[in-house]
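A.B. asks:
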Amino acid sequence: MDSSVVVENIYLLVIVTLISVLQNAFFALKVEKECTSQTTQTSAFERVSCANRNCMDAYPTFLAVMWCAGVCLNQVSAAFAGIIYLVVRQKYFVGYMGQTSQSTPGYLFGKRVLFFLVLMCIVGIFNYLLVRHYGKDYKDYVETITSAASALLLIP
Amino acid sequence: MDSSVVVENIYLLVIVTLISVLQNAFFALKVEKECTSQTTQTSAFERVSCANRNCMDAYPTFLAVMWCAGVCLNQVSAAFAGIIYLVVRQKYFVGYMGQTSQSTPGYLFGKRVLFFLVLMCIVGIFNYLLVRHYGKDYKDYVETITSAASALLLIP
Amino acid sequence: MDSSVVVENIYLLVIVTLISVLQNAFFALKVEKECTSQTTQTSAFERVSCANRNCMDAYPTFLAVMWCAGVCLNQVSAAFAGIIYLVVRQKYFVGYMGQTSQSTPGYLFGKRVLFFLVLMCIVGIFNYLLVRHYGKDYKDYVETITSAASALLLIP
Numbered sequence: 011m012d013s014s015v016v017v018e019n020i021y022l023l024v025i026v027t028l029i030s031v032l033q034n035a036f037f038a039l040k041v042e043k044e045c046t047s048q049t050t051q052t053s054a055f056e057r058v059s060c061a062n063r064n065c066m067d068a069y070p071t072f073l074a075v076m077w078c079a080g081v082c083l084n085q086v087s088a089a090f091a092g093i094i095y096l097v098v099r100q101k102y103f104v105g106y107m108g109q110t111s112q113s114t115p116g117y118l119f120g121k122r123v124l125f126f127l128v129l130m131c132i133v134g135i136f137n138y139l140l141v142r143h144y145g146k147d148y149k150d151y152v153e154t155i156t157s158a159a160s161a162l163l164l165i166p
Numbered sequence: 011m012d013s014s015v016v017v018e019n020i021y022l023l024v025i026v027t028l029i030s031v032l033q034n035a036f037f038a039l040k041v042e043k044e045c046t047s048q049t050t051q052t053s054a055f056e057r058v059s060c061a062n063r064n065c066m067d068a069y070p071t072f073l074a075v076m077w078c079a080g081v082c083l084n085q086v087s088a089a090f091a092g093i094i095y096l097v098v099r100q101k102y103f104v105g106y107m108g109q110t111s112q113s114t115p116g117y118l119f120g121k122r123v124l125f126f127l128v129l130m131c132i133v134g135i136f137n138y139l140l141v142r143h144y145g146k147d148y149k150d151y152v153e154t155i156t157s158a159a160s161a162l163l164l165i166p
Numbered sequence: 011m012d013s014s015v016v017v018e019n020i021y022l023l024v025i026v027t028l029i030s031v032l033q034n035a036f037f038a039l040k041v042e043k044e045c046t047s048q049t050t051q052t053s054a055f056e057r058v059s060c061a062n063r064n065c066m067d068a069y070p071t072f073l074a075v076m077w078c079a080g081v082c083l084n085q086v087s088a089a090f091a092g093i094i095y096l097v098v099r100q101k102y103f104v105g106y107m108g109q110t111s112q113s114t115p116g117y118l119f120g121k122r123v124l125f126f127l128v129l130m131c132i133v134g135i136f137n138y139l140l141v142r143h144y145g146k147d148y149k150d151y152v153e154t155i156t157s158a159a160s161a162l163l164l165i166p
C-alpha cells in the first residue's frame, strides 16, 4: 500500500484537523493570557476558561464524527462541514467571552453540523451494507446528494 | 485502494463510535437542561456537570484504545468491548446524578474494559512483530482467544 | 488489503498511543487517590485535578496531530516527537503538583513538540500536492530532514 494513496483519501480531513488545532491553540493562548495577567477580573477569566472548556469537551466528538464521515462516505463534504463547524465554534467562543455572565450562551453549539456529519456516517455504513449484501452501489448517487445537502449548512 | 475495502475493516468501529457520539449528545443535553433551568438547586447542576466532565475526560482515551485494538487485532472483539464500555458509562452517569454529594462514585470507571482493550493492542503489536521477524503468524489463534476472552467482560 | 500492511505503517504510533493511555491512567489514579482520601487539604486536590484537566484538554489535539503527522509523512519521527511530548507532560504534571498555588505553571505545555508535529503535517500535505500536480516527489529528502530536525527536540 503506497503512502500517497492513503494521503489522497484523507488530505482534506488532515487540513481541517490542522486548522482546528490552530484554533485550539488560539483558544488556549487566550486562557493562558487571562490566567497569567494579574489585573483582570475573575469573571473574565472564568468566562474564557468556561468557553474553552465547552469547546474542548466537544472536540473529540467532532474529530471522531468528521473522520468517520470522511472515510465512510465522502471527504469533500465532511471537510466542508468541518470548516463550517470551526466557524460556528469561533463565533461561539467570541460570543461567550463578550457576554455578561447573566446571559451566557448554552453549553451546546454546532448541533446542526454534527447532526449532518452523523447522518453522513449512517448513510455511508448503510451504503456499505447494501453493497455487501445486495451488490447495489448507490455511492455516486449518495455523494451527489451529500454535496448538495452540505450547501444547506451555509444557511444561518 | 477501494474505499469499501477500508470500510469493511472498520464499519463496526464506526457504528460504536456513532453510538458513543449519540450518548455524548444525551449527556450534553442533560447538562444543557440543568444549565438553563432556573429552578434547580446548584448541587444538581454541579453533579450532572461533574459526571459529564469525568465521562468526557476519559472519552479520547477510550476512542484511541478502541480504534487501535480494532485495527491491530480484531474489530469484532474491539467493538463488542466498546459497547460494554458504553453501557458501563451510562450506568456511571445515571448513578452519579442520582447520588447525594456525600457518596459520589469515584473518578474512574470502565477500568476492566479499557484494560482489556489495551491488552488487545499489545497482543496485536506483538503478533505483528512476530510475523515480521520470525514469520510466525498466530493471528487466527489469538483472535479466537480474544473473542472468547471478550465474553468474560459480560461478568458483572 | 492485508491487515499487517496497515499495522506496519502505524505500529509505532500505536505504541506511543498506548504509552500515553498508561500515562493518562497514572494521572487519573492520582486524581482518584486525592479525591477519595479524606485527610488531604483541598488545595492538593484542586492542584492535581487542575493539572489533570489541563493535560486532558490538550490530549485530543496531541493525538490528532501525532497521527496526522505519522500517516502523512513519517511514523518514526512522529512517534519520537510523541515520546518527547509524553516526557514533557510528565514533568508538567509532577511540577504542577509540587508547586504552591501562587506559582503554578501556565496552562500550556509542550508547545514546541506540537509545533513540530503540525509542521510535519503541513510538509506532508504540501509534498503530496507537489506529487499530485507536478509529479515531483521530495519525500525521501524531506524524511531525512525531518529525522534530523526531530533530534533538535531533545535540546531542553
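Protein chains in written order, with the numbering used here: chain U, 11 to 166; chain W, 11 to 166; chain D, 11 to 166. For each residue, glycine too, the CB sits at the ideal point set by N, CA and C. Keep in mind that this is a model prediction, so the values were computed, not measured.
Cβ closer than 7 Å: which chain D residues qualify as neighbours of isoleucine 25 of chain U?
C.D. replies: Counting from 1 along the first sequence, the entry for residue 25 of chain U is found at position 15. Residues of chain D whose Cβ lies closer than 7 Å to the Cβ of isoleucine 25 of chain U are, in chain order, Ile135.
A.B. asks: Between which two residues does the alpha helix (DSSP H) harbouring tyrosine 151 of chain D extend?
C.D. replies: Looking up residue 151 of chain D in the third sequence gives position 141. Tyrosine 151 of chain D -> alpha helix (DSSP H) spans 149 to 161.
A.B. asks: Where does methionine 11 of chain W land, buried or exposed, given buried means 16+ other C-beta within 10 angstroms?
C.D. replies: Indexing the second sequence from 1 puts residue 11 of chain W at position 1. Any reading at methionine 11 of chain W is ruled out, since the residue's pLDDT is 47, under 50, leaving its predicted position unreliable.
A.B. asks: Should alanine 68 of chain U go down as buried or exposed, given a rule of 16 or more other Cβ atoms within 10 Å for buried?
C.D. replies: Position 58 of the first sequence holds residue 68 of chain U. Alanine 68 of chain U should be labelled buried.
A.B. asks: Which residues in chain D sit within 7 Å of valine 41 of chain U, going by Cβ to Cβ distance?
C.D. replies: Against the first sequence, residue 41 of chain U aligns to sequence position 31. Residues of chain D passing the Cβ test: Tyr117.
A.B. asks: Would DSSP call leucine 96 of chain D helix, strand or coil?
C.D. replies: As a first step, residue 96 of chain D is located in the third sequence; it is residue number 86 there, counting from the start. It is helical.
A.B. asks: Using 8 Å for Cβ pairs, my map puts phenylalanine 37 of chain U next to asparagine 62 of chain U. What's the rounded Cβ distance?
C.D. replies: Position 27 of the first sequence holds residue 37 of chain U. Position 52 of the first sequence holds residue 62 of chain U. The Cβ separation is near 5 Å, so the contact holds.
A.B. asks: Please look up how many angstroms separate the CB atoms of alanine 54 of chain W and glutamate 42 of chain W, rounded, as I've assumed it's under 8 Å.
C.D. replies: Along the second sequence, read from residue 1 onward, the residue named residue 54 of chain W stands at position 44. Along the second sequence, read from residue 1 onward, the residue named residue 42 of chain W stands at position 32. About 14 Å separates the two Cβ atoms, so there is no contact after all.
A.B. asks: At the level of alpha carbons, what is the spacing between leucine 32 of chain W and isoleucine 155 of chain W?
C.D. replies: Taking the second sequence and counting its residues from 1, one reaches residue 32 of chain W at position 22. Taking the second sequence and counting its residues from 1, one reaches residue 155 of chain W at position 145. Looking at the two C-alpha atoms, the distance is approximately 31 Å.
A.B. asks: Measuring straight from C-alpha to C-alpha, what distance separates leucine 127 of chain W and valine 16 of chain U?
C.D. replies: Counting from one through the second sequence, the residue named residue 127 of chain W turns up at place 117. Counting from one through the first sequence, the residue named residue 16 of chain U turns up at place 6. So the two alpha carbons sit approximately 26 Å from each other.
A.B. asks: Which same chain residues end up closer than 6 Å to alanine 79 of chain W when comparing Cβ atoms and leaving out the 5 residues on each side of it in sequence?
C.D. replies: Translated into the one-based positions of the second sequence, residue 79 of chain W becomes position 69. These residues qualify, in order along the chain: Ala88, Leu127, Met130 and Cys131.
A.B. asks: Give a yes or no on whether the minimum CB-CB distance between tyrosine 151 of chain D and chain W is below 8 Å.
C.D. replies: Looking up residue 151 of chain D in the third sequence gives position 141. Output row for tyrosine 151 of chain D: interface = no.
A.B. asks: Taking Cβ positions only, does cysteine 60 of chain W come closer than 8 Å to chain D?
C.D. replies: Taking the first residue of the second sequence as 1, we reach residue 60 of chain W at position 50. It does not: the Cβ of cysteine 60 of chain W has no partner Cβ on chain D nearer than 8 Å.
A.B. asks: Looking at the structure shown, is isoleucine 165 of chain U part of a helix, part of a strand, or coil, going by DSSP?
C.D. replies: Counting from one through the first sequence, the residue named residue 165 of chain U turns up at place 155. It is coil, neither helix nor strand.
A.B. asks: Would you call serine 157 of chain W buried or exposed, if buried means 16 or more other Cβ atoms sit within 10 Å of its Cβ?
C.D. replies: For the purposes of this step, residue 157 of chain W is taken as residue 147 along the second sequence, with counting starting at 1. Taking all protein chains in view, the Cβ of serine 157 of chain W is surrounded by fewer than 16 other Cβ atoms within 10 Å, so the residue is classified as exposed.
A.B. asks: Is the Cβ of cysteine 82 of chain W closer than 8 Å to any Cβ of chain D?
C.D. replies: Sequence index remark: in the second sequence, residue 82 of chain W carries index 72 (1-based). So yes, cysteine 82 of chain W belongs to the interface.
A.B. asks: Buried or exposed, going by whether 16 or more other CB atoms sit within 10 Å of the CB of threonine 27 of chain U?
C.D. replies: For the purposes of this step, residue 27 of chain U is identified with residue 17 of the first sequence, where counting begins at 1. The residue in question, threonine 27 of chain U, is buried, as its Cβ has 16 or more Cβ neighbours within 10 Å.
A.B. asks: For cysteine 45 of chain D, would you say it is in contact with chain U, using Cβ-to-Cβ distances shorter than 8 Å as the test?
C.D. replies: Sequence index remark: in the third sequence, residue 45 of chain D carries index 35 (1-based). No, its Cβ sits nowhere closer than 8 Å to a Cβ of chain U.
A.B. asks: Name the residue from U/Met66, U/Val97 and U/Val152 whose alpha carbon lies nearest to the alpha carbon of isoleucine 135 of chain U.
C.D. replies: Here residue 135 of chain U corresponds to residue number 125 of the first sequence, with the count starting at 1. Closest option to isoleucine 135 of chain U, Cα to Cα, is U/Val152.
A.B. asks: Which residue marks the beginning of the alpha helix (DSSP H) containing tyrosine 144 of chain D, and which one marks its end?
C.D. replies: The sequence position of residue 144 of chain D within the third sequence is 134, counting from 1. Tyrosine 144 of chain D -> alpha helix (DSSP H) spans 121 to 144.
A.B. asks: Taking the alpha-carbon positions, what's the glutamate 56 of chain W to lysine 40 of chain W distance?
C.D. replies: Translated into positions along the second sequence, residue 56 of chain W becomes position 46. Translated into positions along the second sequence, residue 40 of chain W becomes position 30. Approximately 12 Å between the Cα atoms of the pair.
A.B. asks: Going by Cα to Cα distance, which pick from D/Met66, D/Leu23 and D/Thr46 is closest to leucine 118 of chain D?
C.D. replies: Position 108 of the third sequence, counted from the first residue, corresponds to residue 118 of chain D. Per the Cα distances, D/Met66.
A.B. asks: Please state the DSSP three-state secondary structure of proline 70 of chain U.
C.D. replies: Residue 70 of chain U sits at position 60 when you count from the first residue of the first sequence. Looking at proline 70 of chain U - three-state DSSP - the assignment turns out to be helix.
A.B. asks: State the Cα-Cα distance for the pair arginine 122 of chain U and valine 97 of chain U, rounded to the nearest angstrom.
C.D. replies: As a working mapping, residue 122 of chain U is identified with position 112 in the first sequence. As a working mapping, residue 97 of chain U is identified with position 87 in the first sequence. Each residue's alpha carbon lies about 13 Å from the other.
A.B. asks: Would lysine 146 of chain U and leucine 140 of chain U qualify as a contact pair, given that the criterion is a beta-carbon distance under 8 Å?
C.D. replies: Start at 1 with the first residue of the first sequence, and residue 146 of chain U comes out as number 136. Start at 1 with the first residue of the first sequence, and residue 140 of chain U comes out as number 130. The Cβ atoms of lysine 146 of chain U and leucine 140 of chain U sit closer than 8 Å to each other.
A.B. asks: Measure how close the beta-carbons of threonine 46 of chain W and glycine 116 of chain U come, nearest whole angstrom, since I'm counting them as under 8 Å.
C.D. replies: Looking up residue 46 of chain W in the second sequence gives position 36. Looking up residue 116 of chain U in the first sequence gives position 106. Rounded, the Cβ-Cβ distance is 6 Å, consistent with contact.
A.B. asks: Give the interface partners of asparagine 7 of chain U over in chain D, defined as CB-CB distance under 7 Å, in chain order.
C.D. replies: Residue 7 of chain U lies beyond the stretch modelled for chain U, which goes from 11 to 166, so this question has no answer here.
A.B. asks: Is the CB of leucine 96 of chain W under 8 Å away from at least one CB in chain U?
C.D. replies: Position 86 of the second sequence, counting from 1, holds the residue named residue 96 of chain W. Contact of leucine 96 of chain W with chain U is not assigned, every C-beta pair being separated by 8 Å or more.
A.B. asks: Measuring only between beta-carbons, confirm whether leucine 28 of chain W sits less than 8 Å from chain U.
C.D. replies: To locate residue 28 of chain W, count along the second sequence from 1; it is residue 18. It does; some Cβ of chain U falls within 8 Å.
A.B. asks: Taking the alpha carbon of serine 30 of chain W as the reference point, which residue from U/Tyr95, U/Val24, U/Ile25 and U/Phe72 has its own alpha carbon closest?
C.D. replies: Here residue 30 of chain W corresponds to residue number 20 of the second sequence, with the count starting at 1. That would be U/Phe72, whose Cα lies nearest to the Cα of serine 30 of chain W.
A.B. asks: Do leucine 22 of chain D and glutamine 85 of chain D have their CB atoms nearer than 8 Å?
C.D. replies: On the third sequence, residue 22 of chain D is found 12 positions in, with the first residue counted as 1. On the third sequence, residue 85 of chain D is found 75 positions in, with the first residue counted as 1. In this structure, glutamine 85 of chain D lies closer than 8 Å to leucine 22 of chain D by Cβ.
A.B. asks: Which residues of chain U have a Cβ atom closer than 9 Å to the Cβ of serine 53 of chain W, listed in chain order?
C.D. replies: Taking the second sequence and counting its residues from 1, one reaches residue 53 of chain W at position 43. Under the 9 Å cutoff, chain U gives no residues; its nearest Cβ is about 18 Å from serine 53 of chain W.
A.B. asks: Buried or exposed, going by whether 16 or more other CB atoms sit within 10 Å of the CB of proline 70 of chain D?
C.D. replies: Position 60 of the third sequence, counted from the start, is the residue given in the question as residue 70 of chain D. Buried, by the Cβ-count rule.
A.B. asks: What residues in its chain sit with their C-beta under 7 Å from that of lysine 149 of chain D, if we drop five residues either side in the sequence?
C.D. replies: The count along the third sequence starts at 1 and reaches residue 149 of chain D at position 139. Asn137.
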